[in-house]
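Participant:
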Amino acid sequence: MKKKKSKYIFVLGGVMSGIGKGIASSSIGTILKSRGYEVTAIKIDPYVNVDAGTMNPTEHGEVFVLESGLETDQDMGNYERFMGITLPKGNYMTTGSVYQRVIQRERNLEYKGKCVQVIPHVTDEIIKTIRKAGESNGAQIVITEIGGTIGDYENLLFMEAARQMKLKNPEDVLFVVISYVPFPNKIGEMKTKPTQQAIRQLNSSGINPNIIIARSEIPLDKIRKEKLALFCNVDKNDVISAPDVESIYEVPLNFEKDDLSKRILKKLNLSIKNQNLTDWEKLVKKIHRLKNSLRIGIVGKYFETGDFILADSYISVIEAIKHAGYKNGIKTEIEWINSEDFEKDNKKLKELKNYAGIIVPGGFGSRGIEGKIKVIEYVRKNKIPFLGLCYGMQLMVVEYARHQLGFKDAHTTEINPQTKYPVIDILPEQKEKLKKKNYGGSMRLGVYPAILEKNTLARKAYQKKEIKERHRHRYEVNPNYIKELEKAGLIFSGRSPQGDLMEIAELPQKKHPFFLATQFHPEFTSSPLKGHPLFNAFIKTAKELQLK
Ligand code: GLN
Numbered sequence: 006m007k008k009k010k011s012k013y014i015f016v017l018g019g020v021m022s023g024i025g026k027g028i029a030s031s032s033i034g035t036i037l038k039s040r041g042y043e044v045t046a047i048k049i050d051p052y053v054n055v056d057a058g059t060m061n062p063t064e065h066g067e068v069f070v071l072e073s074g075l076e077t078d079q080d081m082g083n084y085e086r087f088m089g090i091t092l093p094k095g096n097y098m099t100t101g102s103v104y105q106r107v108i109q110r111e112r113n114l115e116y117k118g119k120c121v122q123v124i125p126h127v128t129d130e131i132i133k134t135i136r137k138a139g140e141s142n143g144a145q146i147v148i149t150e151i152g153g154t155i156g157d158y159e160n161l162l163f164m165e166a167a168r169q170m171k172l173k174n175p176e177d178v179l180f181v182v183i184s185y186v187p188f189p190n191k192i193g194e195m196k197t198k199p200t201q202q203a204i205r206q207l208n209s210s211g212i213n214p215n216i217i218i219a220r221s222e223i224p225l226d227k228i229r230k231e232k233l234a235l236f237c238n239v240d241k242n243d244v245i246s247a248p249d250v251e252s253i254y255e256v257p258l259n260f261e262k263d264d265l266s267k268r269i270l271k272k273l274n275l276s277i278k279n280q281n282l283t284d285w286e287k288l289v290k291k292i293h294r295l296k297n298s299l300r301i302g303i304v305g306k307y308f309e310t311g312d313f314i315l316a317d318s319y320i321s322v323i324e325a326i327k328h329a330g331y332k333n334g335i336k337t338e339i340e341w342i343n344s345e346d347f348e349k350d351n352k353k354l355k356e357l358k359n360y361a362g363i364i365v366p367g368g369f370g371s372r373g374i375e376g377k378i379k380v381i382e383y384v385r386k387n388k389i390p391f392l393g394l395c396y397g398m399q400l401m402v403v404e405y406a407r408h409q410l411g412f413k414d415a416h417t418t419e420i421n422p423q424t425k426y427p428v429i430d431i432l433p434e435q436k437e438k439l440k441k442k443n444y445g446g447s448m449r450l451g452v453y454p455a456i457l458e459k460n461t462l463a464r465k466a467y468q469k470k471e472i473k474e475r476h477r478h479r480y481e482v483n484p485n486y487i488k489e490l491e492k493a494g495l496i497f498s499g500r501s502p503q504g505d506l507m508e509i510a511e512l513p514q515k516k517h518p519f520f521l522a523t524q525f526h527p528e529f530t531s532s533p534l535k536g537h538p539l540f541n542a543f544i545k546t547a548k549e550l551q552l553k
């Protein structure tokens, strides 16, 4: 039998960024999956960076790590969480990665002496990557989100590739624009003009949208829908209302209020199969019913850009906390705690008693480190539930060595290469890479297995012996100190199968209700429907202690 071709949906953004293009793409994927289709999602980042690994999180938000180890954009995390899929590395591309491949082919003489040009060679490379991602995922529908906003120079080439795909196979390609419809207070009316202009600009690239998703504070009324339809050249039923919602997980259900999945399938000539969205309906009902609330503090440094707090730097951690809240039937209130505040003022530590749990997430560099170590000491001594992630585990070990082993200047060599007690040290394979200034994509990245020790918090949480989790780090617990740390009471409850890399550290429950940290990043695999075993266990303990 001839293999069926994939269909392609391109998601573009109009007017401005930050209006939820990633959530919209994920939600489109969710509703199409709910009608029995195999769906995959691709993210295009128009940056010149080859991947997201070298970007500061306050610049670009969290670096999301795929199973394969590729460092990508946070939207890849949204796709995986919403659609319950694991994405391979072919599903992420940047301007840098596309050019890198084209230049490599040119060097290999693959263009056979031709003048290598942006069109068709670079656009062909983009098209090839999109098609290949569809094939290798066995997807009937491929959703491709083009980063940035209509009118940006950077994404023009990707738009051009999409236009060519539509030109060749008009029935297989669909354009969805997520646009912003402001509702200015003083005017008292929703304004469609910015979207009209965005669409006009898109038209000048030879693309007409098939569907417009209008993001706004409140639902779109009939008049606004008709106006957008008329000026933007779409059917009025193809203007989908996307008002602000309490939880992002309501978005798929909201889209269905305007029959989005049916309209998409019809346009792509695909049959409209029965829908099963029961899990999502249950989840959203549950979210609306949540009572009480747990205050969870995240201690870190990547929060501020100017006067604003950029929660995007830790989006997977935030979502994992929320998911664990859903699982445990309790609302979670997340607060940002700047670790530097504790460096000047010891009295501030007392404020940590107001939290049901504290998380020290991943990070790099020296700023705020002593503050984090003070926080860990305080929550350890005051039995406040604690979850450390990556750097959080390394600093937990530093704190323990300093205060329980009396190794006064114990440290990670990332911060103090001269320390007398390098309890956290660089991975041997990383030493060489650093010497060559090879920073991009050079950490211990992606999924690795770990074996869990019996009768530990970790084993109880996972309910199994072997796990696999995603990593992104250069340093690790120094094997030379493991015996001493264990003697002083720290348990390494998760280790690599060879037993040489420490993956989870914890204190016994008789000493502390929940004091556990991981060298990997459990937040990357948490999902709204299931949560993650460690986050679920952390929130469970926090809840039990608060309700006591
Ligand atoms: N900076 C630490 C390392 O490179 C921790 C990294 C992280 O938290 N992701 O090992």
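Under my numbering, think of the first position of the sequence shown as 6, with each following residue one higher.
Glycine is no exception: its CB is placed at the ideal position from the N, C-alpha and C atoms.
(1) Helix, strand or coil, according to DSSP, for Glu43 in the structure here?
(2) Compute the minimum distance between the beta carbon of Tyr480 and the heavy atoms of the ligand GLN, and state whether it is under 7 Å.
(3) Would you say the beta carbon of Gln79 is closer than 7 Å to some non-hydrogen atom of the ligand GLN?
(4) Where do the ends of the alpha helix (DSSP H) carrying Asn83 lie?
(5) Give a single yes or no on whether Glu419 has its beta carbon closer than 7 Å to a heavy atom of the ligand GLN.
(6) Assign Lys262 to buried or exposed, taking buried as 16 or more other Cβ atoms, counted over all protein chains shown, within 10 Å of its Cβ.
(7) Enumerate in chain order the residues of its own chain whose CB-to-CB distance from Ile509 is below 6 Å, with the five nearest sequence positions on each side excluded.
(8) I need the DSSP call for Gly118, collapsed to helix, strand or coil.
(9) Taking just the CA atoms, how far does Lys191 sit from Leu71?
(10) Whole beta strand (DSSP E) runs in the stretch 288-372 with 3 or more residues, listed along the chain?
(11) Kindly indicate the opening and closing residues of the alpha helix (DSSP H) around Leu162.
(12) So, with DSSP's three-state summary, where would you put Phe188?
(13) How about Arg477: is its Cβ closer than 7 Å to a heavy atom in the ligand GLN?
(14) Helix, strand or coil: how does DSSP classify Gln48 here?
(15) Which word fits Gln79, buried or exposed, when buried means at least 16 other C-beta atoms lie within 10 angstroms of its C-beta?
(16) Around the C-beta of Ser298, are 16 or more other C-beta atoms found within 10 angstroms, so that it is buried, or is it exposed?
(17) Use the C-beta contact count for His293: other C-beta atoms within 10 angstroms, 16 or more gives buried, fewer gives exposed.
(18) Given that a residue counts as buried once 16 or more other Cβ atoms are within 10 Å of its Cβ, and exposed if not, what is Asn160?
(19) For a test of your reading of the model: does the CB of Tyr396 fall under 7 Å from any non-hydrogen atom of the ligand GLN? Yes or no.
(20) Just how far apart, CA to CA, sit Ser30 and Pro513?
(21) Does Glu72 come out as helix, strand or coil in the three-state DSSP assignment?
(22) According to DSSP, is Asp243 helix, strand or coil?
(23) Does Val239 pass the burial test, meaning 16 or more other C-beta atoms within 10 Å, or should it be called exposed?
(24) If you drop the 5 nearest sequence neighbours on each side, which residues of the same chain put their C-beta closer than 8 Å to that of Lys7?
(25) Taking all protein chains shown into account, do 16 or more other C-beta atoms lie within 10 angstroms of the C-beta of Gly504, making it buried, or fewer, making it exposed?
(26) From the DSSP secondary-structure annotation, give me the bridge partner or partners of Thr63.
(27) For Gln399, is the beta carbon positioned less than 7 Å from some heavy atom of the ligand GLN?
(28) Report yes or no: do the stretch 397-407 and the stretch 350-357 share at least 3 C-beta pairs separated by less than 8 Å?
(29) If you drop the 5 nearest sequence neighbours on each side, which residues of the same chain put their C-beta closer than 6 Å to that of Asn359?
(30) Which runs of the beta strand (DSSP E) spanning at least 3 residues fall entirely within the stretch 191-269, listed in chain order?
(31) For Arg40, collect the residues of the same chain with a Cβ closer than 6 Å to its Cβ; drop the 5 residues on either side in sequence, then sort them by chain order.
(32) Suppose you measure from the CA of Asp284 to the CA of Glu324; what does that come to, to the nearest Å?
(33) With the cut-off set at 8 Å, would you say Val380 and Ile364 are in Cβ contact?
(34) Whole angstroms is fine: what's the gap from Thr134's alpha carbon to Ser210's?
Facilitator: On the basis of the data shown:
(1) Counting from one through the sequence shown, the residue named residue 43 turns up at place 38. In this structure, Glu43 counts as coil in the three-state DSSP scheme.
(2) Within the sequence shown, the letter at position 475 stands for residue 480. Under cutoff, so the answer is yes.
(3) Translated into positions along the sequence shown, residue 79 becomes position 74. Because no heavy atom of the ligand GLN lies under 7 Å away, the Cβ of Gln79 does not count as near it: no.
(4) As a position in the sequence shown, residue 83 is number 78, starting the count at 1. Counting along the chain, the alpha helix (DSSP H) containing Asn83 begins and ends at Gln79 to Met88.
(5) Locating residue 419 in the sequence shown gives position 414, counting from the first residue. Yes, the beta carbon of Glu419 sits closer than 7 Å to at least one heavy atom of the ligand GLN.
(6) Here residue 262 corresponds to residue number 257 of the sequence shown, with the count starting at 1. Exposed is the call here.
(7) Within the sequence shown, the letter at position 504 stands for residue 509. Counting only Cβ-Cβ distances below 6 Å, and skipping sequence neighbours, we find Ala463, Ser498, Gly499 and Thr523.
(8) If you number the sequence shown from 1, residue 118 lands on position 113. Of the three classes helix, strand and coil, the one that applies to Gly118 here is coil, per DSSP.
(9) Locating residue 71 in the sequence shown gives position 66, where the first residue counts as 1. Locating residue 191 in the sequence shown gives position 186, where the first residue counts as 1. Taking the straight line joining both Cα atoms gives about 45 Å.
(10) 298-305, 336-343 and 362-365
(11) The residue labelled residue 162 in the question sits at position 157 within the sequence shown. Element bounds for Leu162: Leu161 to Lys173.
(12) Stepping through the sequence shown from its first residue, residue 188 is reached at position 183. In the structure shown, Phe188 sits in coil (DSSP, three-state: anything other than H, G, I, E or B).
(13) Taking the sequence shown and counting its residues from 1, one reaches residue 477 at position 472. Because some heavy atom of the ligand GLN lies under 7 Å away, the Cβ of Arg477 counts as near it: yes.
(14) Locating residue 48 in the sequence shown gives position 43, where the first residue counts as 1. Looking at the sequence provided, one finds Lys at residue 48 rather than Gln. Three-state result, Lys48: strand.
(15) Taking the first residue of the sequence shown as position 1, residue 79 is located at position 74. Gln79 is buried by the Cβ-count criterion.
(16) Residue mapping note: residue 298 aligns to position 293 of the sequence shown, counting from 1. Counting Cβ neighbours within 10 Å, Ser298 comes out exposed, since fewer than 16 surround it.
(17) In the sequence shown, the residue the question calls residue 293 occupies position 288. Classification of His293: exposed, given that the 10 Å Cβ count is below 16.
(18) Here residue 160 corresponds to residue number 155 of the sequence shown, with the count starting at 1. Buried.
(19) Within the sequence shown, the letter at position 391 stands for residue 396. Yes - the ligand GLN has a heavy atom lying nearer than 7 Å to the Cβ of Tyr396.
(20) Taking the sequence shown and counting its residues from 1, one reaches residue 30 at position 25. Taking the sequence shown and counting its residues from 1, one reaches residue 513 at position 508. Between Ser30 and Pro513, the C-alpha separation is close to 43 Å.
(21) Taking the first residue of the sequence shown as 1, we reach residue 72 at position 67. In this structure, Glu72 counts as coil in the three-state DSSP scheme.
(22) Here residue 243 is taken as the residue at index 238 of the sequence shown, counted from 1. It is helical.
(23) Against the sequence shown, residue 239 aligns to sequence position 234. Val239 is buried by the Cβ-count criterion.
(24) What you label residue 7 is simply residue 2 of the sequence shown in a count that begins at 1. Annotation note: pLDDT 49 at Lys7 (below 50); position unreliable, coordinate value reported separately. Counting only Cβ-Cβ distances below 8 Å, and skipping sequence neighbours, we find nothing.
(25) The residue labelled residue 504 in the question sits at position 499 within the sequence shown. Result: exposed.
(26) Start at 1 with the first residue of the sequence shown, and residue 63 comes out as number 58. None, per the DSSP bridge assignment.
(27) The residue labelled residue 399 in the question sits at position 394 within the sequence shown. At least one heavy atom of the ligand GLN is nearer than 7 Å to the Cβ of Gln399, so yes.
(28) no
(29) Within the sequence shown, the letter at position 354 stands for residue 359. The answer is none, since no qualifying residue turns up.
(30) 216-221 and 244-248
(31) In the sequence shown, residue 40 corresponds to position 35, counting from 1. Counting only Cβ-Cβ distances below 6 Å, and skipping sequence neighbours, we find Ser266, Lys278 and Gln280.
(32) Stepping through the sequence shown from its first residue, residue 284 is reached at position 279. Stepping through the sequence shown from its first residue, residue 324 is reached at position 319. About 18 Å.
(33) By 1-based counting over the sequence shown, the position of residue 380 is 375. By 1-based counting over the sequence shown, the position of residue 364 is 359. Cβ atoms of Val380 and Ile364: not closer than 8 Å.
(34) What you label residue 134 is simply residue 129 of the sequence shown in a count that begins at 1. What you label residue 210 is simply residue 205 of the sequence shown in a count that begins at 1. Going by the C-alpha atoms only, they are around 21 Å apart.
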